[in-house]
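Trainee: These protein sequence lines are chains D and Y, in that order. Letter 139 of the first sequence, counting from 1, is numbered 139 in the numbering used here, and no numbers are missing. Letter 72 of the second sequence, counting from 1, is numbered 72 in the numbering used here, and no numbers are missing. From the three backbone atoms N, C-alpha and C, an ideal C-beta is built for every residue, glycine too. The structure that follows is given in the form of C-alpha cells.
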Amino acid sequence: MKAAVVVFPGSNCDRDLAVAFERAGFDVSMVWHKDSVLPEGIDIVGVPGGFSYGDYLRCGAIAAQSPICQAVVEHAKRGGYAMGVCNGFQILTETGVLPGALLRKAGLKYICRTVDLEVATADSVFTQGYAKGDVIGIPIAHHDGNYFADAETIAALKDQDRFAFTYRQNPNGSVDDIAGILSENRRVLGMMPHPERAADEGHGGTDGTAVFRALAGIVAAA
Amino acid sequence: MKARVHVMLKNGVLDPQGEAVRHALGAMGFDKVEGVRQGKVIDLDLAAGATEADVTEMCEKLLANTVIESYSIEIQ
Chain D
1 MKAAVVVFPG
11 SNCDRDLAVA
21 FERAGFDVSM
31 VWHKDSVLPE
41 GIDIVGVPGG
51 FSYGDYLRCG
61 AIAAQSPICQ
71 AVVEHAKRGG
81 YAMGVCNGFQ
91 ILTETGVLPG
101 ALLRKAGLKY
111 ICRTVDLEVA
121 TADSVFTQGY
131 AKGDVIGIPI
141 AHHDGNYFAD
151 AETIAALKDQ
161 DRFAFTYRQN
171 PNGSVDDIAG
181 ILSENRRVLG
191 MMPHPERAAD
201 EGHGGTDGTA
211 VFRALAGIVA
221 AA
Chain Y
1 MKARVHVMLK
11 NGVLDPQGEA
21 VRHALGAMGF
31 DKVEGVRQGK
41 VIDLDLAAGA
51 TEADVTEMCE
61 KLLANTVIES
71 YSIEIQ
C-alpha cells in the first residue's frame with residue numbers, strides 16, 4: 001500500500017500525516033508542490049494541514065493552482081483516493097474536487113483544541129472503522145474552517161449521505177455543523193479536524209487512528 | 001494598462017470580519033453604522049494587449065472564489 005503526502009511551502013502537518021499513514025502500514029512518499037506527477041502506483045494522496053503559501057489571497061487558493069495539485073485533481077477524477085485535512089480541505093475545495101468553501105470562522109478567533117465529532121456516515125473507506133453516530137475526540141486548529149455551500153449543494157450532500165463528520169458543538173459556524181465531507185464517489189474526504197493529531201497515545205487520544213486503519217484495510221483488499 | 005479588481009463576499013455570506021469592524025465602530029461611538037462588509041482590492045499592471053476578458057479569466061480562476069465571492073473589474 002502506498003500513500004503520497006503533498007508538501008507545500010507552509011505545510012506543517014505533512015510529517016504527522018505521513019506518520020499516521022506509516023503506522024497504518026502504508027509506504028509513504030513526500031511529494032513537493034513543484035512536482036507535476038504523483039509517484040507510480042499510489043493508493044491515496046494526503047493533502048496536509050498548515051498555511052500553504054502563507055494563506056495569501058485565500059487559504060488554499062494558490063496551492064490549488066500548483067503543479068502537484070493538477071496531478072491530485074487528475075488522480076481524483078480517475079477515481080483515486082485522496083484526503084485533505086484542514087488546509088488540505090481548503091485546498092481541495094479550491095480545486096473544485098470537493099464542493100463549497102471554508103470561510104473565516106464566525107467567532108473570528110483561531111481555535112486549537114480537541115472537539116467532539118460525530119461520525120455522520122460509516123459508508124466510506126475513511127469512516128468505515130467507526131459506527132454511524134460514534135462520538136470521537138479530534139483536535140481542531142484553524143481560523144478559516146466555517147464550511148459554506150449554497151442550499152442546493154448542502155441538500156445534495158445530505159441526500160447523498162456525504163457528511164463524513166459533524167461537530168457536536170459547532171466551533172466555527174459551519175453550515176449544518178459540518179466538519180468533513182465526502183466527494184460524490186465517496187473516495188475523497190475533506191475535513192477540518194486533524195485525525196493525524198489523535199493517532200498516538202502521546203497525543204492524548206487515538207480516536208483518529210481508525211481513519212487510517214480503515215483506509216489501509218480497504219486498500220489492501222482491493 | 002491597469003486594472004483594479006474588487007472582490008467581495010457575496011450577499012448572504014456571513015462576513016465575520018466586517019461584523020467585528022461594525023462592532024468596533026459602534027463601541028467607538030459611531031452609532032450610525034448599520035453594516036460593514038470587508039473585501040479586497042487587487043491592482044494589476046498589465047502589458048499591452050491584455051484585455052478585460054483576460055482579467056475576467058484571472059478572477060474566475062484565481063482572484064475570486066466564486067462559490068463565496070463576487071468581483072468587479074475597473075479598467076483604468
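1. So, are the CB atoms of residue 192 (chain D) and residue 142 (chain D) less than 7 Å apart?
2. With DSSP as the reference, please indicate the residues paired to residue 143 (chain D) in a beta bridge.
3. Residue 112 (chain D): buried (16+ other C-beta within 10 angstroms of its C-beta) or exposed?
4. Give a yes or no on contact between the segment 42 to 55 of chain D and the segment 79 to 97 of chain D, applying the rule of three or more CB pairs nearer than 8 Å.
5. Could you name the residues of chain C that residue 100 (chain D) contacts, counting a contact when the two beta carbons are closer than 8 Å?
6. Cβ of residue 20 (chain Y) less than 7 Å from any chain D Cβ?
7. Just how far apart, CA to CA, sit residue 120 (chain D) and residue 29 (chain Y)?
8. Name, please, each residue of chain Y whose Cβ falls closer than 8 Å to the Cβ of residue 94 (chain D).
9. Is it buried or exposed, residue 51 (chain Y), if we count other Cβ atoms within 10 angstroms and call 16 or more buried?
10. With a 10 Å radius around its C-beta and 16 neighbouring C-beta atoms as the bar for buried, classify residue 14 (chain D) as buried or exposed.
11. Between the beta-carbon of residue 36 (chain D) and the beta-carbon of residue 71 (chain D), is there less than 7 Å?
12. Beta carbon of residue 147 (chain D), beta carbon of residue 102 (chain D): below 7 Å?
13. Taking the DSSP output, what are the residues bridged to residue 6 (chain Y)?
14. So if DSSP puts residue 30 (chain D) in a beta bridge, which residue, or which two residues, is it bridged to?
Mentor: By the coordinates alone:
1. Start at 1 with the first residue of the first sequence, and residue 192 (chain D) comes out as number 192. Start at 1 with the first residue of the first sequence, and residue 142 (chain D) comes out as number 142. Cβ distance < 7 Å, so residue 192 (chain D) and residue 142 (chain D) count as in contact.
2. Indexing the first sequence from 1 puts residue 143 (chain D) at position 143. For residue 143 (chain D), which the question treats as bridged, DSSP gives no partner whatsoever.
3. Taking the first residue of the first sequence as 1, we reach residue 112 (chain D) at position 112. Exposed is the call here.
4. yes
5. Among the chains of the structure shown, chain C does not appear; the protein chains present are D and Y.
6. Here residue 20 (chain Y) corresponds to residue number 20 of the second sequence, with the count starting at 1. True, the Cβ-Cβ gap to chain D drops below 7 Å.
7. Position 120 of the first sequence, counted from the start, is the residue given in the question as residue 120 (chain D). Position 29 of the second sequence, counted from the start, is the residue given in the question as residue 29 (chain Y). Going by the C-alpha atoms only, they are around 46 Å apart.
8. Position 94 of the first sequence, counting from 1, holds the residue named residue 94 (chain D). Under the 8 Å cutoff, chain Y gives 65.
9. For the purposes of this step, residue 51 (chain Y) is taken as residue 51 along the second sequence, with counting starting at 1. Looking at its Cβ environment, which holds fewer than 16 other Cβ atoms inside 10 Å, residue 51 (chain Y) is exposed.
10. Here residue 14 (chain D) corresponds to residue number 14 of the first sequence, with the count starting at 1. With 16 or more other Cβ atoms within 10 Å, it is buried.
11. Taking the first residue of the first sequence as position 1, residue 36 (chain D) is located at position 36. Taking the first residue of the first sequence as position 1, residue 71 (chain D) is located at position 71. Yes, the pair counts as a contact, with Cβ atoms nearer than the cut-off.
12. Reading the first sequence from its first residue, position 147 is the one you call residue 147 (chain D). Reading the first sequence from its first residue, position 102 is the one you call residue 102 (chain D). Cβ distance < 7 Å, so residue 147 (chain D) and residue 102 (chain D) count as in contact.
13. For the purposes of this step, residue 6 (chain Y) is taken as residue 6 along the second sequence, with counting starting at 1. For residue 6 (chain Y), which the question treats as bridged, DSSP gives the partners Y:41, Y:72.
14. To locate residue 30 (chain D), count along the first sequence from 1; it is residue 30. Its beta-bridge partners are D:5.
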